[in-house]
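Protein chains in written order, with the UniProt record's numbering: chain A, 1 to 401; chain B, 1 to 401; chain C, 1 to 401; chain D, 1 to 401.
Just so you know, even glycine gets a beta-carbon here, dropped at the ideal spot from N, CA and C.
Predicted, not measured: the structure shown is a model, and the values here were computed from it.
Structure record follows, encoded as structure tokens.
Protein chains: 4
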Amino acid sequence: MSNRNIRVEPMAGLAVEDQEVEIVERKGLGHPDSICDGIAEHVSQALAREYLDRVGKVLHYNTDETQLVAGSAAPAFGGGEVLEPVYVLIVGRATQTYQGAKIPTETIALRAAREYVETNFPELEFGTDVIVDVRLGEGSGDLQEVFGEEERTVPSANDTSFGVGHAPLTETEQIVLEAERHLNGEYSADHPELGEDIKLMGKREGDRIDVTVAAAMVDSYIDDIDAYQEAVRDVREYVHDLATEYTDREVEVHVNTADDYDEGAIYLTTTGTSAEMGDDGSVGRGNRANGLITPNRSMSMEATSGKNPVNHIGKIYNLLSTAIAEAVVEEVDGIREIRIRLLSQIGQPIDDPHVADAAIVTEDGVSVADIEQEVTAIVDRELADVTSITERVIDGELTTF
Amino acid sequence: MSNRNIRVEPMAGLAVEDQEVEIVERKGLGHPDSICDGIAEHVSQALAREYLDRVGKVLHYNTDETQLVAGSAAPAFGGGEVLEPVYVLIVGRATQTYQGAKIPTETIALRAAREYVETNFPELEFGTDVIVDVRLGEGSGDLQEVFGEEERTVPSANDTSFGVGHAPLTETEQIVLEAERHLNGEYSADHPELGEDIKLMGKREGDRIDVTVAAAMVDSYIDDIDAYQEAVRDVREYVHDLATEYTDREVEVHVNTADDYDEGAIYLTTTGTSAEMGDDGSVGRGNRANGLITPNRSMSMEATSGKNPVNHIGKIYNLLSTAIAEAVVEEVDGIREIRIRLLSQIGQPIDDPHVADAAIVTEDGVSVADIEQEVTAIVDRELADVTSITERVIDGELTTF
Amino acid sequence: MSNRNIRVEPMAGLAVEDQEVEIVERKGLGHPDSICDGIAEHVSQALAREYLDRVGKVLHYNTDETQLVAGSAAPAFGGGEVLEPVYVLIVGRATQTYQGAKIPTETIALRAAREYVETNFPELEFGTDVIVDVRLGEGSGDLQEVFGEEERTVPSANDTSFGVGHAPLTETEQIVLEAERHLNGEYSADHPELGEDIKLMGKREGDRIDVTVAAAMVDSYIDDIDAYQEAVRDVREYVHDLATEYTDREVEVHVNTADDYDEGAIYLTTTGTSAEMGDDGSVGRGNRANGLITPNRSMSMEATSGKNPVNHIGKIYNLLSTAIAEAVVEEVDGIREIRIRLLSQIGQPIDDPHVADAAIVTEDGVSVADIEQEVTAIVDRELADVTSITERVIDGELTTF
Amino acid sequence: MSNRNIRVEPMAGLAVEDQEVEIVERKGLGHPDSICDGIAEHVSQALAREYLDRVGKVLHYNTDETQLVAGSAAPAFGGGEVLEPVYVLIVGRATQTYQGAKIPTETIALRAAREYVETNFPELEFGTDVIVDVRLGEGSGDLQEVFGEEERTVPSANDTSFGVGHAPLTETEQIVLEAERHLNGEYSADHPELGEDIKLMGKREGDRIDVTVAAAMVDSYIDDIDAYQEAVRDVREYVHDLATEYTDREVEVHVNTADDYDEGAIYLTTTGTSAEMGDDGSVGRGNRANGLITPNRSMSMEATSGKNPVNHIGKIYNLLSTAIAEAVVEEVDGIREIRIRLLSQIGQPIDDPHVADAAIVTEDGVSVADIEQEVTAIVDRELADVTSITERVIDGELTTF
């Protein structure tokens, strides 16, 4: 066993699943904030890979500040049009020169943004429906990082920062997370009328779960108000069915409740996202690293998307604490809820946090003392393997929003 | 008594003051994220006031998306210079025409930004050290709000959203909050060498509090390394003295711990903010509405700065829940900690939340039942007075970051 | 015969063909100034056509202010890369609302720019190698123009302005113009190594013509210095052969004379244009409406590209005067050189200029008096048909640079 | 006598003063194109001076591409307001690093722009009425120029280019040039109601000169339509009086002839320039280097404003040819009109042009042969002193527009 400062203790209070009121939110792939998260993270991955390819190590960069300025549009049944394009400004720092080699950081960023937009938003034409601009400066020159192909030394923390993760997800969390993923996955493959801008709010009071969905419809696939109503109904039924896979509680699903058919006010878009009409967005304003906004749980303010995964401690610790929580729950029986917090110490190796703190709600008949040693061992093992988080981020295996 | 859905219940777990580990952070006035918060909120206030002056009511707007792109600088003892200006893009929506009157929203925004920068950042020349650009579109036309001079009807919630507030502040929270305010207040008046970009992290473990300060120094007031060291020492002593006013616990203060005098790596700036050199920023990424980042407490992801205070429910409920918590603690004895949560119901009047939830840790010898009625009455009263939050925001009496 | 104020008189001095020294320049399709001209004019045509399609008439617009900010690149034999993208800002005015209809002017502009770039610059990826941004405001609302499908009333001049045209082209002019068109036409179809940024300077002293060509080569088609030298040689031979079709004078062709092979300084690019590396551009800085820069002749400062062809008198009169000059030369024998000048009178119908002035150098044995009547009739006829200029511009039949 | 290739010959045709029709235009200080010229040239001077101060020599730069995007405004008697700010983008190239020294080129550019705007446009608040942005890249690194404090070697021509100048000015030219300068000089000092955006068109037919003035009035100094009419009348009378100092011909002055008092369409502005409302601008689109647009004379397309005065041959030769023409006319009797053309030879010293060509219309009784030797000597002397043009540009003694 290492000398890492790992604490395991009972959590004060009830597991979230047992609390009376629970609120869970997820901003889907096409929400303006998520668009920014997605571009920022995709740019980050592209930069990391290019640095590895070109100079054998990841150099200093951070691209966690994409800003989206909404456009305007005139959606119409059967197909409307974008009047003013969405404007996206990719902001950040990236090393442009290394031992004589020029790294085309802005070109890399723009290509990554194009790839991300074209892959995920088929109705949004890159360069015309959305203008993507870029301002990547260089940061302090002395921050070149070592994350090479041969050497995987453990970097030092660049800041005093904090990460937090939980497991397992509650039923409400699972429903909110999975509903969005499935809607933007298998469902939309068969239902092109559903845009990517889907926002879900789950509210559980006791044993009743209300899922409120705001789902942008794409006008070119919606010919009239009847088709719209059918599209809304389809989403409602799909989400309801999906929810019952995760819970036995009573579930009610509400879709596009702000619609007013008499006024003709419905959630119809040309491109599938409200970014086309008045909704701005930026990185780090939406989902936390586990894909959810969970006011019942501790959250970190850190914007993980776009940050350098080699030594940006806020990003690493948020992803790592979630990974640890999941590993513990999977491997150890008797845990109803676990929260992992990692607090860095600036200048110290990131595998040796100032404190790693596990707070546990055990199941009936299990005490924290029973499992403390097992939990500690897992936390220790995962901390020792911290650099695999970096690898998985670069490979796109871990999502950040 | 109204029919509002108000719940008062004991809080699960310990008061934060009694937890073993507590972490508190504050990004000071000149931190790039706070610069954005401040500009966004100042622009918002200016727009609200101009709408009232010109058309007698606050019209639809939201200016909560300012993006800052860092510049570059060459600080030097005795005075360096900015090489590339900071770029700030004010983003949002604002109604530009109302009953034939044209509202110069972009001019209002730029003037507010200028006023804010010139008032708060004397070393940062508006227009040359920092370029401020603006992209204010118009949102959906049907969202004109009623918050007139004669009529103060209670608006309806524009979203399903959530606000949370706490009282009282813990010692560590008070120290972190007050230290920054005093450093950027009376202290800097006498010490022009201290820049506005001050970041504080308070960490309490049991009865020991460590306050870590990163304080940008202004090069034109620092002639050499000795002067720099003296400036660092002065800050440390000042914060230590101030901290002892709020706690009897052991306090240690660390200032600019990342400095490396041998390498000549010190926190010296030309303009007093790291925005001059590589640190980007945006709204809503830093302090919560109470001025702090408090991972030990429930937090809302909502970016309050820049939002319309008339009907943006996320902004109002975050500010209101804090105000309620403070009112309860001031008026009711026996409370060690209270958390107020307000959950809106889209389309319902904002003075009638879906649920208003008060969770309380009482002092020894007091039970929640003893004070429940009193607390409920205060919550009810404050909810009834919700529009005063709007007024106080417009008048600049409430801070949002 | 009309009452138009048409004057025909002998030109003072020699025909340009007979002058001792003649200088002629053409900036080819891929020169940064020409890229701007081309985008601006293509955007203009697209707007005019969309206005006609949507509301049956061309509304007020002007898009004659595109600005190009150069990028940076690292060309290399076999294929280099763009480091920083080119940035193009389309600037202008365009009516966005007409009788309730919304015209998506910015979307139209961006799509036209994309089409133009993709058609003409195959190596320049729209959106990544070149970022195209747009700022189209609205001008004064009262300037809506009448150029409808049913009504073709003659508009009034919007300004006191001036157009000038000449015919026929001198040999040097023909060589310079045709060499660029053929190089960017049939030649480049077979020689992908030749970029679009070709600049030609023709200088004739007496009976010797020197043609200096600066031709950007595309690195992905050039494997080494030998291939580069061969590419240069091919261009030289092609231009020389072409020149001899237009003249019996002695011709020498110089290609990429600024190259310094020892220093490795050659004109190699990644995208085929110097816009990739340090050469900015804007509308109206290069070729005049006849495609040439001709210091030996009267020239107008007017930037024709991007201007509204319905009533922008500077554009119309420059194109019309050239068309008149060409018509006269084609139809009337005995003319060695003709210059047509048209001076507008603000507020008057554009088919009735303040003065239409034809200055003629006749061939030996012909006097101006002999042909005056014939010339006057042609000028009169062409003026009466002025609106066909508008049609031909909208249809893309007339080039502006 | 040197070996310079200087030719002196009779000009074909009449002196402009003797031609039947003459057209002369000047865009005043506040015209959007001139604003761009002025900022570009002021930025250029500032860069040149800073380079000299910091590294003892002028390094490579060119800042000849400023783009202005018009704003919108709501002028009103007694004082209106800017609705959307003017946006100015300074574009160019400038060396940022020299022997380890960092040159803050963007800061220098922005400060120069601020100084220029504040000095010349008192109604235009820098940073709020007009946003000034900057994109200064670096050009090719090998183009560092030698124009040091100790060494004044003659640089080589960077291009094959062409300059042309004339003297003396005709009466119409003098009237147009001087009227604008006096209106924007002594007149406006006493008449703050006159804005800086003054455009003059002089048209002479035989012995009658029509001067058409478009003069922006500043609304805060104009209380009603009577005051406006008085302001127009004052300008008309002033220009008429001034014109009579330069000519005995009949002069008629027309001011703001496009006004339509019945429609309320008058030339009233809030800031004194049409840039506030729909008129975009850019460098090199307006006045030639001598301050005028003169279709009766040879003109160069070169945009002189903003170009590097050390070795940008187009700028130098346009200014130098004008200076030579003026010197010849001042020193040599018997000249009615002279035109100087200078054609560079790329790579050759700029004091040794490929050809320097003087075309002269002599006064009655004087032949070119009489004065050829004298003229040649002056041309030769001025060419030898070419670097003084650079000095005078840097010192702001020569205007470029």
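Own chain residues within Cβ distance below 7 Å of residue i, not counting five before or after
{"i": "residue 207 of chain A", "result": "249, 250"}
{"i": "residue 143 of chain B", "result": "Legend: pLDDT at residue 143 of chain B = 47, less than 50; position of this residue unreliable, no value from coordinates given."}
{"i": "residue 374 of chain D", "result": "332"}
{"i": "residue 101 of chain B", "result": "54, 55"}
{"i": "residue 77 of chain B", "result": "219, 222, 223, 224"}
Cβ neighbours of residue i in the same chain (closer than 6 Å, five flanking residues each side left out)
{"i": "residue 114 of chain D", "result": "126"}
{"i": "residue 131 of chain B", "result": "85, 87"}
{"i": "residue 409 of chain C", "result": "What is shown of chain C runs 1 to 401, which leaves residue 409 of chain C out entirely."}
Span of the beta strand (DSSP E) around residue i
{"i": "residue 87 of chain A", "result": "86–94"}
{"i": "residue 24 of chain A", "result": "21–27"}
{"i": "residue 113 of chain A", "result": "From DSSP, residue 113 of chain A is part of no beta strand (DSSP E) but of the alpha helix (DSSP H) over 105–120."}
{"i": "residue 384 of chain B", "result": "Not the beta strand (DSSP E): residue 384 of chain B falls in the alpha helix (DSSP H), residues 368–384."}
{"i": "residue 208 of chain B", "result": "208–218"}
{"i": "residue 360 of chain C", "result": "355–362"}
Endpoints, the alpha helix (DSSP H) within which residue i is located
{"i": "residue 174 of chain B", "result": "171–182"}
{"i": "residue 38 of chain A", "result": "32–55"}
{"i": "residue 389 of chain A", "result": "387–394"}
Neighbour flag for residue i against chain D, beta carbons, 9 Å
{"i": "residue 74 of chain B", "result": "yes"}
{"i": "residue 84 of chain B", "result": "yes"}
{"i": "residue 321 of chain C", "result": "no"}
{"i": "residue 162 of chain C", "result": "yes"}
Nearest-angstrom beta carbon gap, residue j and residue i [assumed within contact, 8 Å]
{"i": "residue 211 of chain D", "j": "residue 299 of chain D", "result": "That pair is no contact at about 21 Å."}
{"i": "residue 361 of chain C", "j": "residue 343 of chain C", "result": "No, residue 361 of chain C and residue 343 of chain C are not in contact; Cβ-Cβ is about 21 Å, not under 8 Å."}
{"i": "residue 386 of chain B", "j": "residue 350 of chain B", "result": "6 Å"}
{"i": "residue 110 of chain D", "j": "residue 275 of chain D", "result": "Going by Cβ atoms, the distance from residue 110 of chain D to residue 275 of chain D rounds to 18 Å, so no, they are not a contact pair."}
Contact with chain C by residue i, beta-carbon distance below 9 Å
{"i": "residue 217 of chain D", "result": "no"}
{"i": "residue 23 of chain D", "result": "yes"}
{"i": "residue 203 of chain D", "result": "yes"}
{"i": "residue 195 of chain D", "result": "no"}
{"i": "residue 87 of chain D", "result": "yes"}
Same chain, Cβ closer than 8 Å to residue i, neighbours up to 5 away in sequence not counted
{"i": "residue 83 of chain B", "result": "71, 72, 73, 74"}
{"i": "residue 145 of chain C", "result": "In this prediction, residue 145 of chain C scores a pLDDT of 49, lower than 50, which makes its location untrustworthy; no coordinate-derived value is stated."}
Proximity test, Cβ basis, 9 Å: residue i and chain A
{"i": "residue 141 of chain C", "result": "Any answer about residue 141 of chain C is weak, because its pLDDT of 47 lies below 50 and its placement is not dependable; what the coordinates show is given next. Output row for residue 141 of chain C: interface = no."}
{"i": "residue 293 of chain B", "result": "yes"}
{"i": "residue 199 of chain C", "result": "no"}
{"i": "residue 96 of chain C", "result": "yes"}
Beta carbon proximity, residue i to chain B, threshold 9 Å
{"i": "residue 144 of chain A", "result": "Any answer about residue 144 of chain A is weak, because its pLDDT of 47 lies below 50 and its placement is not dependable; what the coordinates show is given next. Residue 144 of chain A does not count as touching chain B."}
{"i": "residue 314 of chain A", "result": "no"}
Contained alpha helix (DSSP H) runs [length at least 4] in the stretch 274–342 of chain C, N- to C-terminal order: 313–331
Complete beta strand (DSSP E) runs within the stretch 225–266 of chain B (minimum length 3 residues, chain order):
250–255
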